[in-house]
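>
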Amino acid sequence: MNSLLQLKGNFEQASSNLKPGSPNLPAGKTVEVIHLEKLRNHLKELRRFWSKESLFSGALISGYYNKVAAKSNRMKGLLSKGSITANSSIVGARFTNAESPKHIITHYVALEIIDESIDRLNECIEILNEKFNGRISDDIIKKINKKQIMFTSSKIAKTNFLKVIVDAFYIEKFDVLVDDIELKDESIVTIYKTDVKATKVMEKLGISLQFARVMDDTTILLRPDELGILKQKAPYLISMAVSDIAELTKDDFNFCNDTAITIPSPNNEPIIGVIDTMFDENVYFSEWVEFKNMLPEEISLAPSDYKHGTAVASIIVDGPASNPHMDDGCGRFRVRHFGVAAGNQFSSFAILRDINEIILSNRDIKVWNLSLGSKLEINRNFISPEAAILDGIQYENDVIFVIAGTNKESNEKQQKAIGSPADSINSLVVNSVDFENHPASYTRKGPVLSFFTKPDISYYGGDGKNFMRVCTPTGEAFVRGTSFAAPWIARKISYLIDILGLSREVAKALIINAATGWSKQEFDSSLIGHGIVPMKIDDVIQCPEDEIQFILSGVSEKYDTYNYNIPVPVSKDKHPFIAKATLCYFPCCSRNQGVDYTNTELDIQFGRLTGDGIKPIDNNYQSSKVECFTWEEDARKLFRKWDNVKHIREILKKSNRAKKCYD
0 MNSLLQLKGN FEQASSNLKP GSPNLPAGKT VEVIHLEKLR NHLKELRRFW SKESLFSGAL
60 ISGYYNKVAA KSNRMKGLLS KGSITANSSI VGARFTNAES PKHIITHYVA LEIIDESIDR
120 LNECIEILNE KFNGRISDDI IKKINKKQIM FTSSKIAKTN FLKVIVDAFY IEKFDVLVDD
180 IELKDESIVT IYKTDVKATK VMEKLGISLQ FARVMDDTTI LLRPDELGIL KQKAPYLISM
240 AVSDIAELTK DDFNFCNDTA ITIPSPNNEP IIGVIDTMFD ENVYFSEWVE FKNMLPEEIS
300 LAPSDYKHGT AVASIIVDGP ASNPHMDDGC GRFRVRHFGV AAGNQFSSFA ILRDINEIIL
360 SNRDIKVWNL SLGSKLEINR NFISPEAAIL DGIQYENDVI FVIAGTNKES NEKQQKAIGS
420 PADSINSLVV NSVDFENHPA SYTRKGPVLS FFTKPDISYY GGDGKNFMRV CTPTGEAFVR
480 GTSFAAPWIA RKISYLIDIL GLSREVAKAL IINAATGWSK QEFDSSLIGH GIVPMKIDDV
540 IQCPEDEIQF ILSGVSEKYD TYNYNIPVPV SKDKHPFIAK ATLCYFPCCS RNQGVDYTNT
600 ELDIQFGRLT GDGIKPIDNN YQSSKVECFT WEEDARKLFR KWDNVKHIRE ILKKSNRAKK
660 CYD
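The sequence shown begins at 0 in numbering that gives the first Met the number 0 and counts up one residue at a time.
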């Protein structure tokens, strides 16, 4: 086996030299006056509507696009004025429910911005009627840009005229977006960000909110009657809402006769944080676990409330003792265990507050295991509040969460989307496979927001006749579930970070890279993620004799961040290898942006240097049997680039040949 190599040195940084081109339509496309008139009339109606509303001074306006819109295709001439851009007023983004989705982007703008947009549309309508016979094509716009057709107007600048025309091509209509939300329990509600805080807006509606029911300026906890008032008086305010009462996914437990297991006292082993149900301090490994009950004292606890959390902790501390066939070579770990849930239900809002407090009070812990998950499916248009909190914590702190991918129940036969918080983008989300490397019978599926690959990876969680052994308050039990796959990955991540001293970015990339192979992916990534992680930690940090595995890490400070000094073998002026690469980073995220959730994009190119740049490796590793997105091709490409885990690889074939080494 070859050891992992860490390449030292600085990444080169360069600012972007790209300049935006002149506005134009796609080839062969036109815009007609009748469509401009329709958009103008929409804005006039919205202007009248919002002038009568008194909750805040501005207006919420949603633009309905005719496609999944790249940021370069979004509004620039409409809903803009002077230095105020349309992009700066975005407060939400979602997709339509069609098979091939389209963007709906919501803006909060001043009424004078609407007036300016109406004026610009009027001026464009007048110009099209007077000079272009009521329609304008991409060819005409090209000639205007090249000054082959002179544009003269005392009312609107040429650039603004062209921007409005291009905007009109991509926008089907303007409207007020109202989502039909039906929730019976207390609900975590996020309202659109305006110039008035959520508490003040609710006060105007007759809803009084105490501090304990306010998460931030836009996220609040409402009772069913209060949600009814909001829906009746100001339904347009609701950006997203989810039930606060989440029912836990179930894991199967079969109890057996107890077998005596002993364990030495802990020394200075790494500590993994666990956020789960309660922990029983009478089990054989209790000396290895520091436990704190986070629930209010008045909540009574039943013996069953200790079962799940104790089982999860037993795997982290001493999993190989009960499952010698799964010995990963990582040793034992101490656990700091926080009990945040009891019974089969929990309050998401309460847990959100608890998690923030827990992380800030335990900064010495780098790796956290969270094996709680909701039975409800995630929403395709927004990240759950729990996942958003976890993503924010991981962006702001040097920690990583390992999260169970949630389970289907045995009576659920249809495919089911994963539940929160497994939609956390920055976390390492783990699904289960059986010991024959097939997706487990209880596996739920991604992706998240229709394009982020979740789960990230899969591991053995017990299934069929091969359950996993754990310790519970009532003795040893045979279990299955993603809850019991995740702790094994938490052990590996902690080994890489706390024992080997690697960064969380490198640790996450190594785990994901180890799960990938050299052949075409057999199962859909929405079920198993990037693949199945090897059992032995040595197979993560070492590679076969015919491979070289190395890591690069750094900080991206400018538009281009690159390293052209990677030592790869050359034989007879050729590269006798195929390659794969995995990129991981932890971006800042904005939940109020809906489907446009991540704020940062990093791309990766890996391949041979030519005189003109890089000849990237072939990246066609998806099997033809694997399910593809139903979106048009440009939408898939557009949003894959926002994924914060990127894996590229060439396929090992019998016909592989050495590649030319360019000068």
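Note that the Cβ used here is the ideal one computed from N, Cα and C, for glycine as well. Fair warning: this is a prediction, and the values are worked out from it, not measured in the lab.
Are the stretch 276–289 and the stretch 372–391 in contact at 8 Å, needing three or more beta carbon pairs?
With a cut-off of 8 Å, the stretch 372–391 and the stretch 276–289 do not count as touching, because too few Cβ pairs lie within range.
> Cα separation between Ile143 and Leu161?
Whole-angstrom Cα-Cα distance: 9 Å.
> State buried or exposed for Lys154, treating a residue as buried only when at least 16 other CB atoms are found within 10 Å of its CB.
The residue in question, Lys154, is exposed, as its Cβ has fewer than 16 Cβ neighbours within 10 Å.
> Within 10 Å of its beta-carbon, does His307 have 16 or more other beta-carbons around it, so buried, or fewer, so exposed?
Looking at its Cβ environment, which holds 16 or more other Cβ atoms inside 10 Å, His307 is buried.
> Taking the Cβ atom as the reference point for each residue, do Leu582 and Lys645 lie within a distance shorter than 7 Å?
Cβ distance < 7 Å, so Leu582 and Lys645 count as in contact.
> Can you give me the start and stop residues for the beta strand (DSSP E) that Pro319 sits inside?
Per DSSP, Pro319 belongs to no beta strand (DSSP E); it is in the alpha helix (DSSP H), 306–321.
> Let me check understanding here. Comparing Cα to Cα, which of Ile83, Tyr596, Gly76, Met277 lies closest to Leu120?
Among Ile83, Tyr596, Gly76, Met277, the Cα nearest to that of Leu120 belongs to Gly76.
> How about Pro234 and Val177: are their beta carbons less than 7 Å apart?
Yes.
> Using the three-state DSSP reduction, which class does His34 fall into: helix, strand or coil?
Helix.
> Quick one: Cα of Pro533 to Cα of Gln592, how far?
Straight-line Cα distance between these residues: approximately 37 Å.
> So, is Ile33 buried or exposed, given that buried needs 16 or more other C-beta atoms within 10 angstroms?
Classification of Ile33: exposed, given that the 10 Å Cβ count is below 16.
> Along the chain, where does the beta strand (DSSP E) that runs through Cys470 open and close?
Looking at the DSSP string, the run of the beta strand (DSSP E) that includes Cys470 is 467–471.
> Going by Cα to Cα distance, which pick from Val447, Gln414, Phe400 is closest to Leu427?
Closest by alpha carbon: Phe400.
> Answer yes if the stretch 325–333 comes into contact with the stretch 484–501, meaning at least three C-beta pairs across the two stretches below 8 Å, and no otherwise.
Because the criterion of three Cβ pairs below 8 Å is met, the stretch 484–501 and the stretch 325–333 touch.
> Mind checking if Arg590 is an interface residue toward chain D, Cβ cutoff 7 Å exclusive?
No chain D appears in this structure, which consists of one protein chain only.
> Can you tell which of Arg656, Asn512, Gln604, Ile647 has its C-alpha closest to the C-alpha of Asp572?
Nearest option by C-alpha distance: Arg656.
> Here's a check: name, in chain order, each residue in its chain whose Cβ is nearer than 7 Å to the Cβ of Gln147, leaving out the five neighbours to either side.
Closer than 7 Å at Cβ, skipping near neighbours: no residue.
> Whole angstroms is fine: what's the gap from Phe665's alpha carbon to Leu601's?
For the chain, the structure presents residues 0 to 662; residue 665 sits outside this window and is missing.
> Based on the DSSP output, what are the partners of Ser570 in its beta bridges?
Partner(s): Lys573.
> When the Cα atoms are used, what is the spatial distance from Asp455 to Ile417?
Roughly 12 Å between the two C-alpha positions.
> Which whole runs of the alpha helix (DSSP H) in the stretch 457–544 are 4 residues long or more, in chain order?
Qualifying alpha helix (DSSP H) stretches, in chain order: 485–493, 503–514, 524–527, 537–540.
> Exposed or buried, what is Thr515 when buried is set at 16 or more other beta-carbons lying within 10 Å of its beta-carbon?
Per the 10 Å Cβ criterion, buried.
> Which of helix, strand or coil does DSSP assign to Ile237?
The answer is strand: DSSP assigns Ile237 an E or B state.
> So what does DSSP say about Phe48, is it helix, strand or coil?
Phe48 falls in the helix class under three-state DSSP.
> According to DSSP, what are the bridge partners of Arg222?
DSSP, once it has assigned bridges, lists no residue as partnering Arg222.
> Restricting to Cα atoms, I'd like to know which of Ile650, Ser71, Leu110 is closest to Glu50.
Here the sequence assigns Ser to residue 50, which means Glu is not the residue at that position. Here the closest residue by C-alpha is Leu110.
> So is Met201 buried or exposed if we call it buried at 16+ other beta carbons inside 10 Å?
So Met201 ends up on the buried side.
> Between Asn65 and Arg73, how many whole angstroms is the CB-CB distance? I'm expecting something under 8 Å.
Not really, about 12 Å apart at Cβ, beyond 8 Å.
> With 16 other CB atoms within 10 Å as the buried threshold, where does Tyr458 fall?
Flag for Tyr458 reads buried.
> Could you tell me which whole beta strand (DSSP E) segments of length 3 or greater appear in the stretch 328–400?
Counting whole runs of 3 or more residues, the stretch 328–400 contains the beta strand (DSSP E) stretches 333–338, 344–346, 366–369.
> Tell me whether the beta-carbon of Thr218 lies closer than 7 Å to the beta-carbon of Pro472.
In this structure, Pro472 does not lie closer than 7 Å to Thr218 by Cβ.
> Near Glu632, which residues of its chain fall below 8 Å by C-beta distance, leaving aside the five closest residues on each side in sequence?
Because the pLDDT of Glu632 is 48, which lies under 50, any placement of that residue in the model is unreliable, and the question is left without a value.
> Among the residues of its own chain, which have a CB less than 6 Å from the CB of Cys470, if the five just before and after it don't count?
So the list reads Val282, Ser313, once near-sequence residues are dropped.
> According to DSSP, simplified to helix, strand and coil, what is Trp630?
Model confidence at Trp630 stands at a pLDDT of 46, short of 50, so the residue's coordinates are unreliable and nothing is read from them.
> What number of angstroms, rounded off, separates the C-alpha of Cys125 from the C-alpha of Asp194?
Note that residue 125 is Glu in the sequence shown, not Cys. Roughly 35 Å between the two C-alpha positions.
> With a cut-off of 8 Å on the beta carbons, I'd call Glu122 and Lys80 a contact; round off their distance for me.
Actually they do not touch by this definition, with Cβ atoms about 14 Å apart.
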